[in-house]
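Residue numbers (our numbering): 184 to 669.
Quick reminder that beta carbons are idealized off the backbone N, C-alpha and C, glycines included.
The structure presented is a predicted model; accordingly, all values stated were derived computationally and were not measured.
Reviewing the structure listed below.
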Amino acid sequence: MTRRNFITISSACAVWLLTGCGGGDNGSDSSGSSTPGSGSGGSPGNPNPAPGELAIPPLLDPAASGGVKQFNLSIQAGSKEFFPGTQTSTYGISSDYLGPTLLMRNGEQVSINYTNNLAEATTMHGHGMHLPAAMDGGPHQVIFPGSSWSAQYTVNQKACTNWYHPHMMGTTARQVYMGLAGMIYIEDSESRSLGLPNRYGVDDVPLVVQDRNFDGARQFVYNPSRMQIRQGYMGDTYLVNGVIAPYFNAEAKSLRLRLLNGSNARVYNFGFSDGRGFHQIATDNSLLPAPIAVNTVTLSPGERAEIVVDLSANMGSTVTLQDMATSKKILDIVVNKEAGDNSAVPATLARSLQFPGAESAVRTRRFVLGMSRMRMTINGKSMDLNRIDETVSLNEQEIWEVSNNMGVNHNFHMHGTHFTVIERDGSRNISANDSGYKDVVFLPPRSSVKLMVKMTDFTDAYNPYMYHCHVLEHEDDGMMGQFVVV
Ligand code: C2O
Ligand code: CU
Ligand code: CU
């Protein structure tokens, strides 16, 4: 065992001990309704599954100390056996690949303490989190090798599925590719009272979907050519929670899947092999007002969707989640367990969402995703850490009009807030996955969207938030800008 491996493993163990992976939730949730992981018995998650079985990242729900929930995470190098008998060099967060799921409740004070045990600098961004810019973990909040950084804030948003990942200038794509990413579950009193499936890893299952290329020695290949940067770097092997096209043993009941497109560039069209319908219950940043019946959901990089599929009539069979775009398998759902409860999809979900109309906007900003002088740009400009591109006033309703004038896929993500999509390609007919509150919106070739944007908190004339294309090769190549809120 090399010294590096030893350090990796011992620090991972230390973190699990500190955070109590034995399901140490001692009743901080006073609502009396169930909470993820509470129904499964034993520790929530299944980080070391049988060969071919879906791994479930551990669910961290640390007890608050001094009123603050402390998440202690180690960013580290390691290796993982994706293929039997071969170790692939990886990065992970308190793990060999990916990181634990962080459970937060609206109103809680949290401190996410990251220690960088890599030999290179990184950052750790809370994607979808509504927090002050200085706590955002963007490219300005660098964590140098051997040092630590804490994101400290009060959770202040509705229930949703967010994630965390590096945001280091120029190296985000490679660092994510190596394995740095994890999920954040945010709950609120509403989400807990709806009777939705919420036994973590049992009927409420996080799925981090990624694509990777391996070389002949089964090591990750990340060395995109200029052409691959332009197209976005895609892999031929699909991983779910770090396992190649796995299976999952499910109960014969409604199953909630929290889909995260954690890939650098690939756009997935999720659906089931038998064409069955399902319900989309959440988009990126909130539950929907009501479930929407769909047959497929398309997610571009960074987007999330929560879906519920009814397996109650499928005992003894296997239902396959696949990418309809390539017909490749993502996950075999083996229905072989009796229903442990009768949670399902209620008729209404988030009741108090506000959807501002276009007439309330005081200005329109335009963002054109394109290329100039061989670099990926927004409004003709390549990202510059020393340039503030936009200054946004607190509480002013704006329209952000974003267009892709290229022949490749892009999307648009903004930090610190969420938006609603009011128009796509001139039409006000909004699809299920463009509904609700979002923080990433897909922009296929030569398309445009209009977004309703309002910054409601956290003025800071010094620390900017980012907006960018979430195709990570494009982001690293400069398709990113900065705004401050004043
Ligand atoms: Cu998911 Cu600016 O990032
Ligand atoms: Cu983000
Ligand atoms: Cu792009």
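query = So which residues touch the region around ligand 3, with touch meaning a C-beta under 5 Å from any heavy atom?
reply = Result: His593, Cys652, Val654, His657.
message = Please list the terminal residues of the continuous beta strand (DSSP E) segment that includes Leu504.
response = On the sequence shown, position 321 is the one that residue 504 refers to. Segment 501–506, the beta strand (DSSP E) holding Leu504.
Pair within 9 Å by beta-carbon distance, Pro240 and Pro283 = To locate residue 240, count along the sequence shown from 1; it is residue 57. To locate residue 283, count along the sequence shown from 1; it is residue 100. It is a contact, given that the beta carbons lie within the stated cut-off.
query = Mind checking Arg487: buried by the 16 CB within 10 Å criterion, or exposed?
reply = Taking the sequence shown and counting its residues from 1, one reaches residue 487 at position 304. Buried, since its Cβ has 16 or more Cβ neighbours within 10 Å.
task = Tell me whether His430 is buried or exposed, calling it buried when 16 or more other Cβ atoms sit within 10 Å of its Cβ.
result = Reading the sequence shown from its first residue, position 247 is the one you call residue 430. The sequence given here places Tyr at residue 430; His does not occur at that position. Flag for Tyr430 reads buried.
query = What is the C-beta distance between Asp386 and Lys436, in whole angstroms, given that I count them as a contact (C-beta under 8 Å)?
reply = Position 203 of the sequence shown, counted from the first residue, corresponds to residue 386. Position 253 of the sequence shown, counted from the first residue, corresponds to residue 436. 7 Å between Cβ atoms; contact.
key: heavy atom of ligand 1 below 8 Å from Gly485 C-beta   = Within the sequence shown, the letter at position 302 stands for residue 485. Yes, since a heavy atom of ligand 1 falls inside the 8 Å radius drawn around the Cβ of Gly485.
inquiry  = Helix, strand or coil for His593? Go by DSSP, reduced to three states.
reply    = Residue 593 sits at position 410 when you count from the first residue of the sequence shown. Strand, per DSSP.
inquiry  = Do Pro389 and Arg441 have their beta-carbon atoms positioned less than 9 Å apart in this structure?
reply    = Numbered from 1 along the sequence shown, position 258 holds the residue referred to as residue 441. Numbered from 1 along the sequence shown, position 206 holds the residue referred to as residue 389. Yes, the Cβ-Cβ distance between Arg441 and Pro389 is below 9 Å.
task = Measure the C-alpha to C-alpha separation of His598 and Thr501 and round it to an integer number of angstroms.
result = Here residue 598 refers to the residue found at position 415 of the sequence shown. Here residue 501 refers to the residue found at position 318 of the sequence shown. Each residue's alpha carbon lies about 39 Å from the other.
ask   = Which runs of the beta strand (DSSP E), 3 residues or longer, sit entirely within the region 541–625?
value = 546–555, 558–561, 573–575, 581–587, 593–597, 602–607
ask   = Which two residues bound the contiguous beta strand (DSSP E) that contains Ile412?
value = For this step, residue 412 is matched to residue 229 along the sequence shown. Premise fails: Ile412 lies in the alpha helix (DSSP H), 409–414, not in any beta strand (DSSP E).
request  = Confirm, please, whether the CB-CB distance from Ser446 to Val392 is below 9 Å.
outcome  = Here residue 392 is taken as the residue at index 209 of the sequence shown, counted from 1. Here residue 446 is taken as the residue at index 263 of the sequence shown, counted from 1. A contact, by the Cβ cut-off of 9 Å.
query = Given a threshold of 16 other Cβ atoms within 10 Å of its Cβ, counted over all protein chains shown, does Met557 qualify as buried or as exposed?
reply = Walking along the sequence shown from the start, residue 557 turns up at place 374. The residue in question, Met557, is exposed, as its Cβ has fewer than 16 Cβ neighbours within 10 Å.
Reference Asn231; option with closest CA among Ser248, Val251, Leu281 = For the purposes of this step, residue 231 is taken as residue 48 along the sequence shown, with counting starting at 1. It is Leu281.
key: Any 3 or more C-beta pairs closer than 8 Å across the region 586–593 and the region 452–463   = With a cut-off of 8 Å, the region 452–463 and the region 586–593 do not count as touching, because too few Cβ pairs lie within range.
task = Take Asn587 and list the residues in its own chain whose beta-carbon comes closer than 6 Å to its own, dropping the five residues that flank it on each side.
result = Here residue 587 refers to the residue found at position 404 of the sequence shown. Within its own chain, the residues whose Cβ lies closer than 6 Å to the Cβ of Asn587, once the five positions on either side in sequence are excluded, are Leu552, His593, Leu626, Ser630, listed in chain order.
task = Kindly provide the chain-ordered list of residues whose Cβ lies closer than 5 Å to any non-hydrogen atom of ligand 2.
result = Every residue with a CB closer than 5 Å to a heavy atom of ligand 2 is listed here in chain order: His310, His598.
inquiry  = Tell me the DSSP secondary structure of Gln259 in three-state form.
reply    = As a working mapping, residue 259 is identified with position 76 in the sequence shown. DSSP places Gln259 in strand when its eight states are reduced to three.
task = Kindly examine ligand 1 and report whether one of its heavy atoms sits closer than 8 Å to the Cβ of Trp332.
result = Here the question's residue 332 lines up with position 149 in the sequence shown. No - ligand 1 has no heavy atom lying nearer than 8 Å to the Cβ of Trp332.
message = Am I right that Gln402 and Thr306 are in contact with their C-beta atoms under 8 Å? What's the rounded C-beta distance?
response = Taking the sequence shown and counting its residues from 1, the one referred to as residue 402 is at position 219. Taking the sequence shown and counting its residues from 1, the one referred to as residue 306 is at position 123. Between Thr306 and Gln402 the Cβ distance is about 25 Å, and since that is not below 8 Å, they are no contact.
request  = Find out if the Cβ-Cβ distance for the pair Tyr645, Glu573 is shorter than 9 Å.
outcome  = Taking the first residue of the sequence shown as position 1, residue 645 is located at position 462. Taking the first residue of the sequence shown as position 1, residue 573 is located at position 390. It is not a contact, given that the beta carbons lie outside the stated cut-off.
key: Same chain, Cβ closer than 7 Å to Ala476, neighbours up to 5 away in sequence not counted   = Within the sequence shown, residue 476 is the residue found at index 293, counting from 1. Same-chain partners within the cutoff: Gly460, His462.
query = If you pair each beta-carbon of the region 501–510 with each one of the region 355–367, do three or more pairs fall below 8 Å?
reply = no
request  = Note down, one range per segment and in chain order, each beta strand (DSSP E) of at least 3 residues found wholly within the region 447–503.
outcome  = 451–455, 461–466, 469–477, 479–482, 487–493
inquiry  = Measuring only from the beta carbon, is Trp162 closer than 8 Å to any heavy atom that is part of ligand 1?
reply    = Limits of the chain in this structure are 184 at one end and 669 at the other, which puts residue 162 out of reach.
key: Val480 versus Leu532: straight-line alpha-carbon distance, rounded   = Position 297 of the sequence shown, counted from the start, is the residue given in the question as residue 480. Position 349 of the sequence shown, counted from the start, is the residue given in the question as residue 532. Rounded to the nearest angstrom, the gap between the Cα atoms of Val480 and Leu532 is 19 Å.
request  = Classify Gly206 as helix, strand or coil using the three-state DSSP reduction.
outcome  = As a position in the sequence shown, residue 206 is number 23, starting the count at 1. Low confidence applies to Gly206: its pLDDT is 33, below 50, so where it sits in the model is not reliable enough to give any reading.
task = Return the CA-CA distance between Ala247 and Gly290, expressed in angstroms with no decimal places.
result = Here residue 247 refers to the residue found at position 64 when the sequence shown is read from its first residue. Here residue 290 refers to the residue found at position 107 when the sequence shown is read from its first residue. One C-alpha to the other measures close to 13 Å.
query = Roughly how many angstroms separate the alpha carbons of Glu581 and Phe397, rounded to a whole number?
reply = As a working note, residue 581 is residue 398 in the sequence shown. As a working note, residue 397 is residue 214 in the sequence shown. Taking the straight line joining both Cα atoms gives about 44 Å.
ask   = Is the number of C-beta pairs between the region 654–666 and the region 558–567 that are closer than 8 Å three or more?
value = yes
inquiry  = Between the alpha carbons of Ile689 and Tyr648, how many angstroms are there, rounded?
reply    = Summary: the structure shown does not reach residue 689, with the chain confined to residues 184 through 669, and so no result is reported for it.
Beta-carbon contacts of Ala522 that lie in its chain and below 8 Å, excluding the five residues immediately before and after = Reading the sequence shown from its first residue, position 339 is the one you call residue 522. Exclusion of the five residues before and after Ala522 leaves Glu434, Ala435, Lys436, Ser495 as the residues of its chain whose Cβ lies within less than 8 Å of its Cβ.
query = In three-state terms, what does DSSP make of Tyr650?
reply = Here residue 650 corresponds to residue number 467 of the sequence shown, with the count starting at 1. Strand at Tyr650.
inquiry  = Just list the residues that DSSP pairs Val636 with in beta bridges.
reply    = One-based indexing of the sequence shown puts residue 636 at position 453. DSSP, once it has assigned bridges, lists Glu581, Phe602 as partnering Val636.
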